[in-house]
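A short write-up of the structure that comes next.
Number of protein chains: 2
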Amino acid sequence: MGKTERHNSADELALERFLPYRLSIVAQTVSRALSKQYGKRFGLNVPQWRVMAVLGRFAPLSASQVCERTVMDKVAVSRAVTALLQRGLIERTTDSTDRRRLALRLSKPGGALHRQIVPLALDYERQLLAGLSAQERATLSAVFDKLLRSA
Amino acid sequence: MGKTERHNSADELALERFLPYRLSIVAQTVSRALSKQYGKRFGLNVPQWRVMAVLGRFAPLSASQVCERTVMDKVAVSRAVTALLQRGLIERTTDSTDRRRLALRLSKPGGALHRQIVPLALDYERQLLAGLSAQERATLSAVFDKLLRSA
DNA sequence: CCTAATTAGTTTCATATGTAACCATTATGG
DNA sequence: CCATAATGGTTACATATGAAACTAATTAGG
Numbered sequence: 077m078g079k080t081e082r083h084n085s086a087d088e089l090a091l092e093r094f095l096p097y098r099l100s101i102v103a104q105t106v107s108r109a110l111s112k113q114y115g116k117r118f119g120l121n122v123p124q125w126r127v128m129a130v131l132g133r134f135a136p137l138s139a140s141q142v143c144e145r146t147v148m149d150k151v152a153v154s155r156a157v158t159a160l161l162q163r164g165l166i167e168r169t170t171d172s173t174d175r176r177r178l179a180l181r182l183s184k185p186g187g188a189l190h191r192q193i194v195p196l197a198l199d200y201e202r203q204l205l206a207g208l209s210a211q212e213r214a215t216l217s218a219v220f221d222k223l224l225r226s227a
Numbered sequence: 077m078g079k080t081e082r083h084n085s086a087d088e089l090a091l092e093r094f095l096p097y098r099l100s101i102v103a104q105t106v107s108r109a110l111s112k113q114y115g116k117r118f119g120l121n122v123p124q125w126r127v128m129a130v131l132g133r134f135a136p137l138s139a140s141q142v143c144e145r146t147v148m149d150k151v152a153v154s155r156a157v158t159a160l161l162q163r164g165l166i167e168r169t170t171d172s173t174d175r176r177r178l179a180l181r182l183s184k185p186g187g188a189l190h191r192q193i194v195p196l197a198l199d200y201e202r203q204l205l206a207g208l209s210a211q212e213r214a215t216l217s218a219v220f221d222k223l224l225r226s227a
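One line per chain: the protein sequences are A and B, in this order.
Anchor point for the first sequence: position 18 equals 94 in the numbering used here, and the numbering is continuous, going up by one each time.
Anchor point for the second sequence: position 57 equals 133 in the numbering used here, and the numbering is continuous, going up by one each time.
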């Protein structure tokens, strides 16, 4: 008769246990800690760092391809690209077959900076993962995929 | 001799597998989907919703206590409180013993709104968790705590 | 071909967020 | 007591972000 609910009385919401809230806190904390690694030191914000990261692996890419790979909208990408161009960290050439498209790639100094940041980022990730068992890591990864699908 | 690294060549960063990035994407996706539930319909943004959520359970609270419970900084709380006061969703009285402190609680209409939102939020959470096994849920929760500590 | 619809990317404007400076009140130390 | 520090909260300014309007180039349909 008494319907026993899993959480609490089913119409009480404990923020500190609420999944979207916890996700948000963890993501924000991690993201901030990481940007301290490269933010101050290299003068990059998150969108800029993401653009450099994908260009480091997949260049040349058009801005819209960068959008897909980073899940950022085109405004964010456009702004990051503008800033990176001004600092000379990336280069842009017009696609010969489609003059709307602009091919982006890291410049020489951009590549150098990229090679500096990547190890820092990977170290930080290693540090995060260090506390987790192999099983926890696997579950986490699977759960992310599931959450993304049902969100 | 060849040092076999777990990921890829150890100095390559695959953004789509990079933990901070994935966390950020998942959190953002979930957060947006959820705010659609209450954002448009009730005219609340995330900070405002969080303030209402904690006041719904723990009122009366001072603004700084709200900060602790929501992990938001005091500026964010102050702004959310101002907006909620203007809409008459919360009330504020001055603490008699310390006139710096202002005690916050939901107003009558605020309480009514809270009772409308909470089931929606819990439903959404249930939907997210529905795809996960009990084991996955437990691991997720434990992993969040670990990540927060090492971040 | 020539117009309408699409696509790539940028700009604009309105809103959100963070840092630091700020005001008011209460606590502390000589 | 009185000056100084600490606390609670708000304001101001600078930067970040998102939605929608816009420009330029390409494609599609008649």
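Glycine is no exception: its CB is placed at the ideal position from the N, C-alpha and C atoms.
With distances taken Cα to Cα, identify the nearest neighbour of B/Ile166 among B/Leu137, B/Arg175, B/Ser209 and B/Leu91. B/Leu137
Count the C-beta pairs between the segment 130-149 of chain A and the segment 176-190 of chain A that are closer than 8 angstroms, then say yes if the count reaches three, no if not. yes
Relative to chain A, which residues along the segment 166-199 of chain B have a C-beta separation below 8 angstroms, given in chain order? Arg191, Val194, Pro195, Ala197 and Leu198
Assign B/Thr173 to one of three DSSP states: helix, strand, or coil. coil
Determine whether the beta carbon atoms of B/Gln124 and B/Ala156 lie at a separation below 8 angstroms. yes
According to DSSP, simplified to helix, strand and coil, what is B/Glu88? coil
Residues bridged to B/Glu167 [DSSP beta-bridge criterion]: B/Arg181
Whose C-alpha, out of B/Ala210, B/Gln141 and B/Leu208, is nearest the C-alpha of B/Leu178? B/Gln141
Might you give, ordered along the chain, the residues of its own chain that have their beta carbon closer than 7 angstroms to the beta carbon of A/Ala139, omitting 5 neighbours on each side? Lys150, Val153, Ser154, Val157, Leu178 and Leu180
Tell me A/Leu137's beta-bridge partners as DSSP assigns them. A/Leu180
Could you run through the segment 147-160 of chain B and flag, in chain order, every residue whose CB is less than 8 angstroms away from some CB of chain A? Val147
Considering Cα atoms alone, identify which of B/Pro195, B/Arg213, B/Ala227 and B/Asp174 is closest to A/Leu205. B/Ala227
Rounded straight-line distance, which links the Cα of B/Leu89 to that of B/Arg108: 27 angstroms
Taking the alpha helix (DSSP H) that B/Val102 belongs to, which residues open and close that run? Leu95 to Phe118
Taking only beta-carbon atoms, is B/Gly207 less than 8 angstroms away from chain A? yes
Mind pulling the chain B residues with CB within less than 8 angstroms of A/Ala227? Val102, Thr105, Val106, Ala109 and Leu204
List the residues of chain B whose Cβ lies closer than 8 angstroms to the Cβ of A/Glu201, in chain order. Phe94, Leu95 and Pro96
Identify each residue in the segment 126-149 of chain A for which the Cβ-Cβ distance to at least one residue of chain B is less than 9 angstroms, and report them in chain order. Arg126, Ala129, Val130, Gly132, Arg133, Arg145, Thr146 and Val147
So which residues on chain A does B/Leu25 lean against when the C-beta distance must stay under 7 angstroms? One cannot answer for residue 25 of chain B here, as it falls past the ends of chain B, which runs 77 to 227.
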